[in-house]
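One structure is given below, encoded as structure tokens.
Residue numbers (the UniProt record's numbering): 1 to 634.
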């Protein structure tokens with residue numbers, strides 16, 4: 001039932017909606033936050049041992065993969081172009097080097113998006129989360145060895161299925177060391193599927209949005225990128241993957257190189273496959289990315305399935321009950337640790353309640369009939385949560401997280417019949433422009449809104465103008481100015497990056513092309529199941545073009561001994577995991593990796609023929625026709 005008009009914001013005990021940026025976002029609030037900036041700085045600096053010089057990490061070809069000093073400009077008081085709360089956390093995030101967390105536990109921070117943790121074992125190093133790129137992981141391990149001794153890596157733990165935590169694995173171990181079980185590789189159940197699958201089907205779209213989220217195209221500086229709020233960004237090196245040998249699917253105790261670990265499986269929290277671990281000998285708790293020094297994302301702007309805020313809150317509470325009073329230190333896979341049992345307990349309690357509050361308040365308002373936009377405007381954190389600095393929206397934002405909870409339970413439709421079949425953007429923009437009196441009138445109203453700091457309304461007006469006429473040069477320039485102003489006010493580093501990336505694209509026609517995705521590396525494609533390759537091939541099939549094309553293929557994978565019958569008809573590609581019948585139009589024998597490359601568009605049928613990488617019976621020209629009906633995403 002559509003109940004949106006049931007109660008006013010005032011009746012609900014909330015402030016009425018405003019068209020302006022809220023005062024606390026404008027102020028940033030660092031003077032009322034706790035821990036204080038001085039206390040947080042002391043924690044971020046605690047245990048520093050050393051860093052690299054020169055401050056550059058390069059690939060084998062000389063290409064710069066990461067600069068640890070990119071954010072050296074973050075010092076002193078915040079400029080007018082950066083929200084004070086974001087400036088505060090970005091200053092803390094800019095630290096880089098090797099740090100001691102506890103006796104026998106160290107972290108390399110600031111060498112990539114995430115931290116690499118090193119636990120000293122009986123004979124070598126146990127690595128937790130080997131960063132995103134081979135090059136940064138190699139540099140982190142080299143720095144560690146230069147200070148702690150040239151010890152071997154004796155075990156690797158991957159906390160969850162996001163690439164910034166596993167992509168550098170071949171920088172710390174060799175694949176054959178894992179595959180031969182010389183070195184255990186421990187990961188949460190579901191890791192292998194989600195590591196390669198979470199971003200596969202919508203990969204190109206997600207990659208472009210990830211570029212906006214991380215601010216890949218932005219210069220670093222007070223008018224550009226200052227980080228994401230969770231860290232300094234992401235490296236641009238070589239990403240790798242090795243299949244784990246040990247999977248955690250519940251509560252599990254094990255000893256790695258003489259060090260006892262207690263693992264708790266925490267799926268469907270910050271990642272679909274995730275786990276935390278406790279080191280009883282060290283009284284140290286690793287919370288993976290389930291807690292952090294910033295509010296995290298229930299809905300992430302790069303695009304993933306919406307996360308379960310209720311399950312997330314419960315997972316934190318389980319950790320609190322199991323390990324809170326047994327922990328002298330809590331270290332995280334981003335940002336800096338928390339020391340002292342009382343502070344660990346406090347941090348866990350307040351972040352547990354943060355995600356629970358967002359979840360429950362969103363559904364309370366939804367059940368009163370409020371849609372996602374209204375709920376996102378109305379919900380504010382109480383001071384007991386909002387003034388705890390790790391709960392500030394410097395990474396994930398309260399507004400987007402409320403919308404995420406609403407979407408998880410109720411989907412895209414807000415219940416208002418007027419929104420059931422809205423016009424698409426171009427048609428809507430044209431009608432808006434006509435209704436207001438033409439492009440000049442829209443532009444004039446947008447200028448007035450900008451001058452009055454009514455920035456969200458200015459952005460809306462210009463969105464409609466540019467939907468009607470994307471080439472409107474004055475509209476593009478004005479929208480870029482509006483986005484810049486919104487960026488400077490944004491507490492979330494991710495929001496700032498999105499606004500500034502949008503402004504940059506409005507001013508540079510080539511920006512979108514520069515952010516285009518490349519092909520995945522062979523080892524990542526090799527990790528994709530054949531079913532997922534076929535699913536992606538089906539996504540690439542241009543349905544309108546292929547509506548009258550019919551083909552049946554008997555597909556055999558020569559190295560995995562898999563057989564499929566693939567059918568194309570009515571603009572749809574389907575398959576079954578059975579050997580193809582005798583009546584198939586074409587029989588194809590091909591290696592699993594070669595097929596994955598063909599299905600993804602990373603190679604062509606002609607290339608495979610030239611390399612003698614496939615065998616066939618039947619008319620191969622039919623397969624060439626099918627491939628010509630596939631879209632190539634960029």
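We put the CB at the ideal spot given by N, CA and C, even for glycine.
Owing to the predicted nature of the structure, the values given are computational and were not obtained by experimental measurement.
- Message: Need the endpoints of the beta strand (DSSP E) that residue 253 sits in, please.
- Response: Per DSSP, residue 253 belongs to the beta strand (DSSP E) from 251-256.
- Query: So residue 131 and residue 114 are in contact, right, with Cβ under 8 Å, and what is the actual spacing, rounded?
  - Reply: Yes, residue 131 and residue 114 are in contact; Cβ-Cβ is about 6 Å, under 8 Å.
- For residue 404, does the count of other Cβ atoms within 10 angstroms reach 16, so buried, or fall short, so exposed? Buried, because 16 or more other Cβ atoms sit within 10 Å of the Cβ of residue 404.
- Extent of the continuous alpha helix (DSSP H) to which residue 539 belongs: Start and end: 530-540.
- Check residue 147 in the structure and name its three-state DSSP category. In the three-state reduction of the DSSP assignment, residue 147 falls in the helix class.
- Assigned secondary structure, residue 118 (DSSP; H/G/I helix, E/B strand, else coil): DSSP places residue 118 within a strand segment (E or B) once states are collapsed to three.
- For residue 213, count neighbouring C-beta atoms within 10 Å of its own C-beta (all shown protein chains included) and say buried if the count is 16 or more, exposed if not. Under this definition residue 213 is a buried residue.
- Euclidean distance between Cα positions of residue 195 and residue 430: So the alpha carbons of these two residues sit roughly 42 Å apart.
- Item | Runs of alpha helix (DSSP H) wholly within the stretch 62-105 (minimum 4 residues, chain order) | 84-93, all fully within the stretch 62-105.
- Message: By alpha-carbon positions, which one of 408, 390, 237 ends up nearest to residue 90?
- Response: Considering only 408, 390, 237, the residue with the shortest C-alpha distance to residue 90 is 390.
- Cβ-Cβ distance between residue 278 and residue 313 below 7 Å: Taking C-beta atoms as the reference points, residue 278 and residue 313 fail to come closer than 7 Å.
- Query: With DSSP run on the structure shown, which of helix, strand or coil describes residue 239?
  - Reply: Residue 239 falls in the coil class under three-state DSSP.
- Could you check the C-alpha separation between residue 440 and residue 485 for me, to the nearest Å? Between residue 440 and residue 485, the C-alpha separation is close to 22 Å.
- Message: Strictly by DSSP, which residues pair up with residue 630?
- Response: Looking at the DSSP assignment, residue 630 forms a beta bridge with 541.
- If you count every other CB in all the chains shown that lies within 10 Å of the CB of residue 491, and 16 or more means buried, which is it? Buried.
- Item | Residues near residue 218 by beta carbon distance below 6 Å, same chain, minus five either side | Excluding residues within five positions, the ones whose Cβ falls inside 6 Å are 224, 225, 500.
- Query: Between which two residues does the alpha helix (DSSP H) carrying residue 429 extend?
  - Reply: Residue 429 -> alpha helix (DSSP H) spans 425-436.
- residue 349 (DSSP reduced to helix, strand or coil): Helix, per DSSP.
- Task: Tell me the start and end of each unbroken beta strand (DSSP E) in the stretch 256-336 that is at least 3 residues and wholly inside, in chain order.
- Result: You should have 259-265, 275-279, 284-286, 329-331.
- Message: Please classify residue 65 as buried or exposed, where buried requires at least 16 other C-beta atoms within 10 Å of its C-beta.
- Response: Its Cβ being crowded by 16 or more others within 10 Å, residue 65 is buried.
- Which whole-angstrom value describes the C-beta separation of residue 331 and residue 107, a residue pair presumed to lie in contact below a C-beta threshold of 8 Å? At roughly 7 Å, the Cβ-Cβ gap stays under 8 Å, so residue 331 and residue 107 are in contact.
- Task: Pull up the distance between the alpha-carbon of residue 636 and that of residue 269, whole angstroms please.
- Result: For the chain, the structure presents residues 1 to 634; residue 636 sits outside this window and is missing.
- Item | contact_flag[the stretch 36-51, the stretch 451-463] where n(CB pairs < 8 Å) is 3 or more | The stretch 36-51 is not in contact with the stretch 451-463.
- Query: Skipping 5 residues on each side, what residues in its chain have a beta carbon closer than 7 Å to that of residue 206?
  - Reply: Excluding positions up to five away in sequence, the list reads 199, 302, 303.
- Residue range of the beta strand (DSSP E) that includes residue 187: Its beta strand (DSSP E) spans residues 185-188.
- Message: Going by DSSP in three states, residue 617 sits in which element: helix, strand or coil?
- Response: Looking at residue 617 - three-state DSSP - the assignment turns out to be strand.
- Within its chain, find whatever has a CB closer than 7 Å to the CB of residue 350; leave out the 5 residues flanking it on each side and keep chain order. 385, 388, 391, listed in sequence order.
- Item | beta strand (DSSP E) segment containing residue 555, residue limits | Where residue 555 is concerned, the enclosing beta strand (DSSP E) starts and stops at 551-557.
- Message: Does the distance between the C-beta of residue 49 and the nearest non-hydrogen atom of the ligand HEM fall short of 6 Å?
- Response: In terms of ligand content, the structure shown is empty, and the ligand HEM therefore cannot be addressed.
- Task: Take the Cβ of residue 505 as the centre, count every other Cβ of all protein chains shown within 10 Å, and call the residue buried at 16 or more, exposed below.
- Result: Classified as buried, residue 505 has 16 or more neighbouring CB atoms from the shown chains inside 10 Å of its CB.
- Query: Is the beta carbon of residue 276 sitting closer than 7 Å to the one on residue 319?
  - Reply: Yes, Cβ-Cβ distance for residue 276 and residue 319 is below 7 Å.
- Item | Length of the line joining the Cα atoms of residue 603 and residue 611 | Approximately 11 Å, taken between the alpha carbons.
- Run through DSSP, which three-state label would residue 155 get? In the structure shown, the three-state DSSP call for residue 155 is strand.
- Message: Short of 7 Å in beta carbon distance, which residues of its chain neighbour residue 177, apart from the five on each side in sequence? Order them along the chain.
- Response: Cβ within range, chain order: 183.
- Message: For residue 566, which residues in the same chain have their Cβ closer than 6 Å to its Cβ, ignoring the five residues on either side in sequence?
- Response: If we look at residue 566 and ignore the five residues flanking it on each side, its Cβ neighbours are 553, 555, 575.
- So, helix, strand or coil for residue 225, using DSSP? Residue 225: strand per DSSP, three-state reduction.
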